[in-house]
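Worksheet for the structure shown next.
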Amino acid sequence: MPVYRIPKKLIFPHSTSEKEDITVIGDDLRPNRLLLAYSCGFFPWPWDETSPLPWVSPATRLILLPQKLHIPRRTMRIIRQGKFTVTFDQSFDQVIQQCAKVPRRDQDGTWITSRIISAYIRLHEMGFAHSVETRFHGELVGGIYGISLGGAFFGESMFHLQSDASKVAMAHLIERLQRWNFDLLDAQITSTHMLQLGAHEVSRAEYLRMLDKALQKETHRGNWSKIADLQ
Numbered sequence: 053m054p055v056y057r058i059p060k061k062l063i064f065p066h067s068t069s070e071k072e073d074i075t076v077i078g079d080d081l082r083p084n085r086l087l088l089a090y091s092c093g094f095f096p097w098p099w100d101e102t103s104p105l106p107w108v109s110p111a112t113r114l115i116l117l118p119q120k121l122h123i124p125r126r127t128m129r130i131i132r133q134g135k136f137t138v139t140f141d142q143s144f145d146q147v148i149q150q151c152a153k154v155p156r157r158d159q160d161g162t163w164i165t166s167r168i169i170s171a172y173i174r175l176h177e178m179g180f181a182h183s184v185e186t187r188f189h190g191e192l193v194g195g196i197y198g199i200s201l202g203g204a205f206f207g208e209s210m211f212h213l214q215s216d217a218s219k220v221a222m223a224h225l226i227e228r229l230q231r232w233n234f235d236l237l238d239a240q241i242t243s244t245h246m247l248q249l250g251a252h253e254v255s256r257a258e259y260l261r262m263l264d265k266a267l268q269k270e271t272h273r274g275n276w277s278k279i280a281d282l283q
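Pasting the structure below:
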């Protein structure tokens, strides 16, 4: 797997031809570096709080085309029952902090370090990072957060404290992306839940072609709790 060090100037290595995952190392989490990384197909994936920060561009990517969303019957039934209240961008800080508590498979600790939390809260304040919250009787029980650029949404993490809470949040998020004519939701790595919703894997080269097209669209920047019902 190729590993590079990120130079101080704002660039990321060209990565369309590699057949392996690409990792670059650099500790700069300023907003312009983060947004550039996503637009180039990279995302930060820390090992821990103290190690140098890796940024990864996987050889294969899991994506979901919003217009091809498939909501499983059980999830649809729960949505129709109105068990959970769903909101956008009302509790971003709480959502990312809860996601940080989710154990990482086959590894100690969490990749959502304190530096990651601070950096993404800053992006949220700038209108690029967003959360979807599910509540049960007013209590936060599930949620998702990610980055929105152009017609692409980059899903970062989700959590649930009650069964199906994060699934309902994801379904509402994708339906919102449908309404706004987003091109893709980048789920980054393969998960059974996302496959059930209609996601599929693509090569890095295909992903970057799709991403380039999606980034031509205007970014829905701002607090989505205030613009979530706009067409």
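If you read the sequence shown in our numbering, its first letter stands for residue 53, the second for the next number, and so on. For each residue, glycine too, the CB sits at the ideal point set by N, CA and C.
What did DSSP end up calling residue i once you bin it into helix, strand or coil?
i       : result
Glu-177 : helix
Gln-240 : strand
Val-154 : coil
His-272 : coil
His-252 : strand
Phe-95  : strand
Thr-139 : strand
Phe-234 : coil
Ile-169 : helix
Pro-83  : helix
Terminal residues of the continuous alpha helix (DSSP H) containing residue i?
i       : result
Phe-205 : Note, Phe-205: premise wrong, no alpha helix (DSSP H); beta strand (DSSP E) at 204 to 212.
His-224 : 217 to 231
Arg-256 : 256 to 266
Thr-127 : 125 to 133
Taking only the alpha-carbon atoms, compute the straight-line gap between residue i and residue j and give it to the nearest angstrom.
i       : j       : result
Pro-47  : Val-193 : Missing from the structure shown is residue 47; the chain here goes from 53 to 283 and no further.
Gly-179 : Ile-173 : 10 Å
Phe-144 : Val-184 : 8 Å
Ile-226 : Ile-123 : 10 Å
Gln-150 : Lys-135 : 21 Å
Thr-112 : Asn-275 : 31 Å
Glu-191 : Thr-139 : 12 Å
Lys-120 : Met-262 : 15 Å
Gly-93  : Arg-132 : 36 Å
Ser-91  : Gln-248 : 27 Å
Lys-278 : Ile-164 : 27 Å
Spatial neighbours of residue i within its chain, please: CB distance less than 6 Å, with the 5 preceding and 5 following residues excluded, ordered by chain position.
i       : result
Ala-251 : Leu-114, Leu-116 and Ala-239
Would you call residue i buried or exposed, if buried means 16 or more other Cβ atoms sit within 10 Å of its Cβ?
i       : result
Gly-195 : buried
Ile-241 : exposed
Asp-216 : buried
Ile-77  : exposed
Pro-104 : exposed
Glu-101 : exposed
His-272 : buried
Arg-256 : buried
Val-55  : No answer about Val-55 holds up, because its pLDDT of 48 lies below 50 and its placement is not dependable.
Ser-166 : exposed
Asp-264 : exposed
Ser-170 : exposed
Thr-244 : exposed
Asp-141 : buried
Glu-270 : exposed
Excluding five sequence neighbours on each side, which residues of the same chain lie with their C-beta closer than 8 Å to the C-beta of residue i?
i       : result
Met-53  : Residue confidence is low: Met-53 scores 49 on pLDDT, short of 50, so the model does not pin down where it sits. Its coordinate-derived value is still stated next. Excluding positions up to five away in sequence, the list reads Glu-72, Asp-73, Ile-74 and Thr-75.
Phe-229 : First, the amino acid is wrong: residue 229 is Leu here, not Phe. So the qualifying residues of the chain are Pro-118, Phe-205 and Leu-237.
Gln-268 : Gly-202 and Gly-203
Residue range of the beta strand (DSSP E) that residue i falls in?
i       : result
Ser-200 : 191 to 201
Leu-114 : 112 to 116
So, at 7 Å on beta carbons, what are the nonlocal neighbours of residue i in its own chain, with the 5 sequence-adjacent residues on each side left out?
i       : result
Leu-175 : Pro-83, Leu-86, Ala-181 and Ile-199
Leu-213 : Val-193 and Gly-194
Thr-127 : Asp-216, Lys-219, Val-220 and Ala-223
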